[in-house]
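Participant: Residue numbers (the working numbering), protein chains in the order written: chain Y, 7 to 775; chain Z, 16 to 270; chain A, 101 to 223.
Glycine included, C-beta positions come from ideal geometry on N, C-alpha and C.
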Amino acid sequence: GTGSVMLATQASAQSASSIVVQGNRRVDADTIRGYFRGDRLDAVTIDEGVKGLFATGLFEDVRVSQQGGRLVVTVVENLVINRVAFEGNKKIKDDVLAGEVQSKSRGPLSRAVVQSDTQRILEVYRRSGRYDVRVEPKTIDLPNGRVDLVFEVTEGTKTAVRRIEFVGNKAYGSWKLKDVMNTTESNWLSWIKNSDVYDPDRLNADQELLRRFYLQHGYADFRILSAVADLDRQKNEFNITITLDEGQQYKFGTVEVQSNIRDVESDSLRRVLRTRQGDTYNADLVEKTIEDLTIEVSKKGYAFAQVRPRGDRDAQTQQISVTYVIEEGPRVYIERINVRGNTRTRDYVVRREFDIFEGDAYNRVMVDRAERRLRNLGYFKTVKITNEPGSAPDRVILNVEVEDQPTGEFSVAGGYSTAEGFIGEVAVAERNFLGRGHYVRLAGSWGEYSKSAEFNFTDPYFMGYRIAAGFDLFYKQTEPSSSTSASYSNNMVGGTIRFGLPLQDNLSLLLRYSLYQQEIEIGNPEYRDCAPQGNVPFPDCQENGEASQAFKQIAGDPQMVSLVGYTLAYNTLDSNKQPTKGLYAELKQDFAGIGGDVNFVRTTGDVRWYHDLGSDIVGLLRAQGGYVTGWGDQEFRIMDGFFMGPNLVRGFKSAGIGPRDMDSNNQDALGGSMYWGTTAEVQFPVPWMPKDFGLRGALFADAGSLWDYQGEVYNGMEVEDGNVIRSSVGAGVIWSSPFGPIRIDYAVALSKADYDKTQAFRFSGGTRF
Amino acid sequence: CALFEKKPEQLAPDEPADRLYNEGLTLVAKKEYKDASKKFEEIDRQHPYSEWARKALLMTAYVKYEAGEYEESITAAKRYVTLHPGSPDAAYALYLVGASYFDQIADITRDQARTERAIQALDEVVRKYPDSEYAESARRKITIARDQLAGKEMSIGRYYQEKRNYIGAINRFKTVVVQYQTTRQVEEALMRLVECYMAMGITQEAQTAAAVLGHNFPDSPWYKDAYKLLQTGGLEPREDKSSWISRAFKKLGLG
Amino acid sequence: CFTQTLQRGYVMPENALEQVPIGSTQEQVLIVLGTPSTVATLNGEVFYYISQTAKQSAAFLQPKIVDQRVLAVYFDPKSRRVQRVANYGMQDGKVFDFISRTTTAGGEELSFLRQILSGNKSS
Numbered sequence: 007g008t009g010s011v012m013l014a015t016q017a018s019a020q021s022a023s024s025i026v027v028q029g030n031r032r033v034d035a036d037t038i039r040g041y042f043r044g045d046r047l048d049a050v051t052i053d054e055g056v057k058g059l060f061a062t063g064l065f066e067d068v069r070v071s072q073q074g075g076r077l078v079v080t081v082v083e084n085l086v087i088n089r090v091a092f093e094g095n096k097k098i099k100d101d102v103l104a105g106e107v108q109s110k111s112r113g114p115l116s117r118a119v120v121q122s123d124t125q126r127i128l129e130v131y132r133r134s135g136r137y138d139v140r141v142e143p144k145t146i147d148l149p150n151g152r153v154d155l156v157f158e159v160t161e162g163t164k165t166a167v168r169r170i171e172f173v174g175n176k177a178y179g180s181w182k183l184k185d186v187m188n189t190t191e192s193n194w195l196s197w198i199k200n201s202d203v204y205d206p207d208r209l210n211a212d213q214e215l216l217r218r219f220y221l222q223h224g225y226a227d228f229r230i231l232s233a234v235a236d237l238d239r240q241k242n243e244f245n246i247t248i249t250l251d252e253g254q255q256y257k258f259g260t261v262e263v264q265s266n267i268r269d270v271e272s273d274s275l276r277r278v279l280r281t282r283q284g285d286t287y288n289a290d291l292v293e294k295t296i297e298d299l300t301i302e303v304s305k306k307g308y309a310f311a312q313v314r315p316r317g318d319r320d321a322q323t324q325q326i327s328v329t330y331v332i333e334e335g336p337r338v339y340i341e342r343i344n345v346r347g348n349t350r351t352r353d354y355v356v357r358r359e360f361d362i363f364e365g366d367a368y369n370r371v372m373v374d375r376a377e378r379r380l381r382n383l384g385y386f387k388t389v390k391i392t393n394e395p396g397s398a399p400d401r402v403i404l405n406v407e408v409e410d411q412p413t414g415e416f417s418v419a420g421g422y423s424t425a426e427g428f429i430g431e432v433a434v435a436e437r438n439f440l441g442r443g444h445y446v447r448l449a450g451s452w453g454e455y456s457k458s459a460e461f462n463f464t465d466p467y468f469m470g471y472r473i474a475a476g477f478d479l480f481y482k483q484t485e486p487s488s489s490t491s492a493s494y495s496n497n498m499v500g501g502t503i504r505f506g507l508p509l510q511d512n513l514s515l516l517l518r519y520s521l522y523q524q525e526i527e528i529g530n531p532e533y534r535d536c537a538p539q540g541n542v543p544f545p546d547c548q549e550n551g552e553a554s555q556a557f558k559q560i561a562g563d564p565q566m567v568s569l570v571g572y573t574l575a576y577n578t579l580d581s582n583k584q585p586t587k588g589l590y591a592e593l594k595q596d597f598a599g600i601g602g603d604v605n606f607v608r609t610t611g612d613v614r615w616y617h618d619l620g621s622d623i624v625g626l627l628r629a630q631g632g633y634v635t636g637w638g639d640q641e642f643r644i645m646d647g648f649f650m651g652p653n654l655v656r657g658f659k660s661a662g663i664g665p666r667d668m669d670s671n672n673q674d675a676l677g678g679s680m681y682w683g684t685t686a687e688v689q690f691p692v693p694w695m696p697k698d699f700g701l702r703g704a705l706f707a708d709a710g711s712l713w714d715y716q717g718e719v720y721n722g723m724e725v726e727d728g729n730v731i732r733s734s735v736g737a738g739v740i741w742s743s744p745f746g747p748i749r750i751d752y753a754v755a756l757s758k759a760d761y762d763k764t765q766a767f768r769f770s771g772g773t774r775f
Numbered sequence: 016c017a018l019f020e021k022k023p024e025q026l027a028p029d030e031p032a033d034r035l036y037n038e039g040l041t042l043v044a045k046k047e048y049k050d051a052s053k054k055f056e057e058i059d060r061q062h063p064y065s066e067w068a069r070k071a072l073l074m075t076a077y078v079k080y081e082a083g084e085y086e087e088s089i090t091a092a093k094r095y096v097t098l099h100p101g102s103p104d105a106a107y108a109l110y111l112v113g114a115s116y117f118d119q120i121a122d123i124t125r126d127q128a129r130t131e132r133a134i135q136a137l138d139e140v141v142r143k144y145p146d147s148e149y150a151e152s153a154r155r156k157i158t159i160a161r162d163q164l165a166g167k168e169m170s171i172g173r174y175y176q177e178k179r180n181y182i183g184a185i186n187r188f189k190t191v192v193v194q195y196q197t198t199r200q201v202e203e204a205l206m207r208l209v210e211c212y213m214a215m216g217i218t219q220e221a222q223t224a225a226a227v228l229g230h231n232f233p234d235s236p237w238y239k240d241a242y243k244l245l246q247t248g249g250l251e252p253r254e255d256k257s258s259w260i261s262r263a264f265k266k267l268g269l270g
Numbered sequence: 101c102f103t104q105t106l107q108r109g110y111v112m113p114e115n116a117l118e119q120v121p122i123g124s125t126q127e128q129v130l131i132v133l134g135t136p137s138t139v140a141t142l143n144g145e146v147f148y149y150i151s152q153t154a155k156q157s158a159a160f161l162q163p164k165i166v167d168q169r170v171l172a173v174y175f176d177p178k179s180r181r182v183q184r185v186a187n188y189g190m191q192d193g194k195v196f197d198f199i200s201r202t203t204t205a206g207g208e209e210l211s212f213l214r215q216i217l218s219g220n221k222s223s
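1) When DSSP labels each residue in this structure, what does residue 167 (chain A) get in the three-state scheme?
2) Short of 6 Å in beta carbon distance, which residues of its chain neighbour residue 156 (chain A), apart from the five on each side in sequence? Order them along the chain.
3) Is it buried or exposed for residue 24 (chain Y), if we count other Cβ within 10 angstroms and need 16 for buried?
4) With 8 Å as the C-beta to C-beta threshold (strictly closer), list the residues of the stretch 350-368 of chain Y near chain A in chain order.
5) For residue 595 (chain Y), write down the residues that DSSP places opposite it in a beta bridge.
6) Within 10 angstroms of its Cβ, does residue 153 (chain Z) collect 16 or more other Cβ (buried), or is it exposed?
7) Show which residues of chain A have a CB atom less than 8 Å away from the CB atom of residue 473 (chain Y).
8) Which same chain residues, not among the five before or five after residue 198 (chain Z), have their C-beta less than 6 Å away from its C-beta?
9) Evaluate the contact criterion for the stretch 583-593 of chain Y versus the stretch 610-628 of chain Y: three or more CB pairs, one atom per stretch, below 8 Å.
10) Would the stretch 147-160 of chain Y and the stretch 88-100 of chain Y be scored as touching if the rule is three or more Cβ pairs under 8 Å?
11) Under 8 Å, with one C-beta from each stretch per pair, do the stretch 271-288 of chain Y and the stretch 343-357 of chain Y reach the 3-pair mark?
12) Tell me whether residue 196 (chain A) sits in a helix, a strand or coil according to DSSP, three-state version.
13) Less than 8 Å between the beta carbons of residue 606 (chain Y) and residue 571 (chain Y), yes or no?
14) Name the residue from Y:736, Y:392, Y:175 whose alpha carbon lies nearest to the alpha carbon of residue 229 (chain Y).
15) Does DSSP put residue 57 (chain Z) in a helix, in a strand, or in coil?
16) So which residues on chain Z does residue 347 (chain Y) lean against when the C-beta distance must stay under 7 Å?
17) Figure out for me which residue from Y:525, Y:577, Y:113 has the closest Cα to the Cα of residue 559 (chain Y).
18) On the three-state DSSP scale, how would you describe residue 713 (chain Y)?
19) For residue 255 (chain Z), which residues in the same chain have their Cβ closer than 6 Å to its Cβ, ignoring the five residues on either side in sequence?
20) Under 8 Å between C-beta atoms, does residue 94 (chain Z) make it to chain A?
21) Opposite residue 107 (chain A) in the DSSP bridges: which residues?
22) If contact is defined by three or more beta carbon pairs under 8 Å, each pair taking one atom from either stretch, is the stretch 368-381 of chain Y in contact with the stretch 110-130 of chain A?
23) Taking beta-carbon pairs under 9 Å, can you tell me which members of the stretch 155-183 of chain Z lie near chain Y?
24) For residue 290 (chain Y), which residues in the same chain have their Cβ closer than 6 Å to its Cβ, ignoring the five residues on either side in sequence?
25) Please tell me whether residue 305 (chain Y) has its Cβ less than 8 Å away from any Cβ of chain A.
26) With distances taken Cα to Cα, identify the nearest neighbour of residue 373 (chain Y) among Y:385, Y:48, Y:505, Y:390.
27) Quick one: is the Cβ of residue 126 (chain A) within less than 7 Å of any heavy atom of the ligand ATP?
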């Protein structure tokens, strides 16, 4: 009911104290009088008072009247809610609903608020894709004006998207376009995914994804005419129809740089251009070129330079010629950078990601770069940088709004691979230790053939420089195992100090010093009776560890290895997890012998080149090689040599390639001092499988060799060695399944040394939860 | 209309309000805040009209504050102020809101949103109830909170000074000198200004800053440093000789 | 080969100095040179325009200031017109270590346990 205000015809002056309050039970009278302040009680103050009383939400009705010169305020109080409860909600928990609902316990019960609460609950369900939900508010009366409010919810079933159809798509099949969208059709995987649930915001975002996709492939005139989702009430599902107008595909016409700033000549900037004449038009490349040009010009000292693209479209020749106009932007400086919301991360950890300081010229590209860097840190759920006008027209204030997210991780991982058998790992890590941006990780892993424990610490900004300094402590023990055809156990315990130095955008240098003790043990520690109760001995039983003489000679005396080394890495991959284009090249060198008992120089190189062959097919060419040699008076020890298997040429057992002691019981691999290896591989999405299944196939051909064992040949050893080219072809399946990444390879060795050990099938998979 | 259907009643036993209240008080004395706040909520539930309900609401805010549940304390205190703006205890409720924010102030390298809210609430106490017994401790808390905000400006100023970015540094130190004159940080701010201007060679500004420092804080250690810097014209370094290694460890946060 | 030159602080427009002769008013200076990087601490009667050039020889190293120019514009306190203009170069700057002592400030430190206990609820 609304308050009806009977205004006194002639506003007589009334002192506040002569106000009579009726009908109030819980709220005391002088509180209500308090709302009628002001020396003269005229119509305005009375009206203000009534509005104020309603605003408190405590009253169902407020009436004001004049009786005998005194102001009488009659109120009807809302009932007071004792408890708010939800029944029948399974998919959405109580506390989520409680957050949405306005009526709170010990607050007033108002009909309007309960009505809006019902709508809010329906909205929450709609957002999570459930449309046939009914919500019934019920009240239970309690003595002395109190009431329990219960929302009874009947949830009904999930409203899924049955079919997505496209009209007007000539250049790309609907299968490809569905691949670009996030909303998916419901299929037998529906029980574990909810991307097939209809969500209007997600459909809008999908339209933007489609637009970007077409703009990246030359369709500059692309337009979405309509995106209609109609609900089939009986089957409780949606059918989505998207009508498109693709327009023509354009190529780049002439690409020019036109500089309006005096001594910035345009042709010096041409090498930065990513868009070249004749290529298919690509809006993304234009944006990236603008960013590169702005950085290039600001490096020359023109901090205010702005790059504006001007494209003129020629429908006949289907060409767009682009001119990048470089001009003097507004001369605005940054007055202050405010960091807000960092409840855990320290202010300087955020501020140091900015290459621009307070007082510097404002440059949009540098701000975007800082925002990207902050996001890649992984410390924040959200990062948003907004501009605010400063204290003068040519001043701007940057507000960096961040929201901390838990950066601690406790992970238990299990997995099986033909090389290492079953292996389990427990790790606890904190990426933003004490908000100082330090990375700390403690991990332990154990498996059939190996046990290890490791501790790592890294400070990405050592002493204020952008140097990732850190140290690792590790203990590793590998057991004798039939699958790695090694019949000795190898224990290592030690530590490394490392410094990561970025030299250029994608060129970095890692310096390290490692000190560890290595020991070979022969014979399995627990004596295993190879033929219990006289029946057939189980395979690979080693009663007293029939290792090769080469290992027996050095068993039992721990060696101290003290080495210094570096890794030079050049990385332009578009993503480290699933690269589709770019180059990764790495040169590693370790010099052991600065103190310690072991002298060797070990050099390895690895180059991987990924190329996008179009429609999600990725080509990979790889070349790797390595050489190790002793120095001074010593030869390098056997276990510092290279032991190669499927990591060099697939289709072989681990340590299945290279020099071998044929006389030893397991024909132990002796490792080699030189190796090379090449791979040609093509990865492609499995055609008939839906994208969200995450299945990719691969075809590959490997070739390589490992040879030149330089160790002692004791009597009782029969060494087979030789620079024989091993090669193989094969196919693989990579499945990023909901339980974790799984990779299965099947490779057939085409050429091998007769003493090698092959293994066609290789499986590695693991789950992390 | 069908919107409100009646459901069977569940009767709650009635206990006299004053007994509940006293039980609550004894529990508060024994610092058993959880049970105490249950008692006070019980009064609010069973006797919503009585004077006890008003007192119980205030006690709930106090008990939640003592138990460190600051968000609940703030909600209860704010409800008390809206329900009973005129009551004598409104000052205390408002003070509790300020104190709850104050106790959650984070160190200067982190977000100071709670410091600002604390100052806002405590300012209201001082403005609305200047002569209440809480105004004095509210004023004291405000000075500490303002010192906190000044401390944050100083830490950012020092960050830019270390990177030789004198514009950022000078303007941050000036903010402290201009807006936070009554805090302890202003002495260091003036000395840092002397350092920055000397590093840039603008000795005249350095002298003015040192003069202001000397005039207002003649015996402050910061003035001695500034005076020494001006005397030597900043020619020989007078940094305390802590070794590079100790500074490195301090940087790593282990030292 | 990796070195990058970075422009820091105020960017001096060409031949700006000539348009700000002795006697021009503060508004004129503001229009031509823009808002100063900072003003004199006391009476604000001096405009300072600070610009620096830094060289960074490798991405991990801190940029080193190689050139620093401060343009100081002095105003007559009464007439508020330009009285004197001075230039301070890199060589005027004194070289010394800053004091590492700091004034202590309050607020509870983020201890390791608190970070673990507070989990995602920010402390």
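Facilitator: Let me spell this out:
1) Residue state for residue 167 (chain A) is assigned as strand, using DSSP reduced to three classes.
2) Around residue 156 (chain A): 104, 163.
3) It counts as exposed.
4) So the close ones are 350, 361, 363, 365, 366, 367.
5) Residue pairing of residue 595 (chain Y) in beta bridges, as defined by DSSP: Y:572, Y:609.
6) With 16 or more Cβ atoms within 10 Å of its Cβ, residue 153 (chain Z) is classed as buried.
7) At a beta-carbon threshold of 8 Å, the residues of chain A lying near residue 473 (chain Y) are 160, ordered along the chain.
8) The residues are 161, 162, 165.
9) Yes, since at least three Cβ pairs between the stretch 583-593 of chain Y and the stretch 610-628 of chain Y fall closer than 8 Å, the two stretches touch.
10) Verdict: yes, contact present.
11) Contact check between the stretch 271-288 of chain Y and the stretch 343-357 of chain Y: fewer than three CB pairs, one atom from each, fall below 8 Å, which does not count as touching.
12) Reduced to three states, the DSSP call for residue 196 (chain A) is coil.
13) 8 Å or more divides the Cβ of residue 606 (chain Y) from the Cβ of residue 571 (chain Y).
14) The shortest CA-to-CA distance from residue 229 (chain Y) to any of Y:736, Y:392, Y:175 is the one to Y:175.
15) In the three-state reduction of the DSSP assignment, residue 57 (chain Z) falls in the helix class.
16) Simply 126.
17) Among Y:525, Y:577, Y:113, the Cα nearest to that of residue 559 (chain Y) belongs to Y:525.
18) Residue state for residue 713 (chain Y) is assigned as strand, using DSSP reduced to three classes.
19) Since pLDDT at residue 255 (chain Z) reaches only 40, below the 50 mark, its modelled position is unreliable, and no value is offered.
20) False, the Cβ-Cβ gap to chain A never drops below 8 Å.
21) Bridge partners of residue 107 (chain A): A:153.
22) With a cut-off of 8 Å, the stretch 368-381 of chain Y and the stretch 110-130 of chain A do not count as touching, because too few Cβ pairs lie within range.
23) Contacts with chain Y (Cβ-Cβ distance below 9 Å) from the stretch 155-183 of chain Z involve 167, 170, 171, 174, 175, 177, 178, 180, 181, 182, 183, listed in chain order.
24) So the list reads 222, once near-sequence residues are dropped.
25) Yes, because at least one Cβ of chain A sits closer than 8 Å to the Cβ of residue 305 (chain Y).
26) Of the candidates Y:385, Y:48, Y:505, Y:390, the one whose C-alpha sits nearest the C-alpha of residue 373 (chain Y) is Y:390.
27) Ligands displayed in this structure: none; no statement on the ligand ATP is therefore possible.
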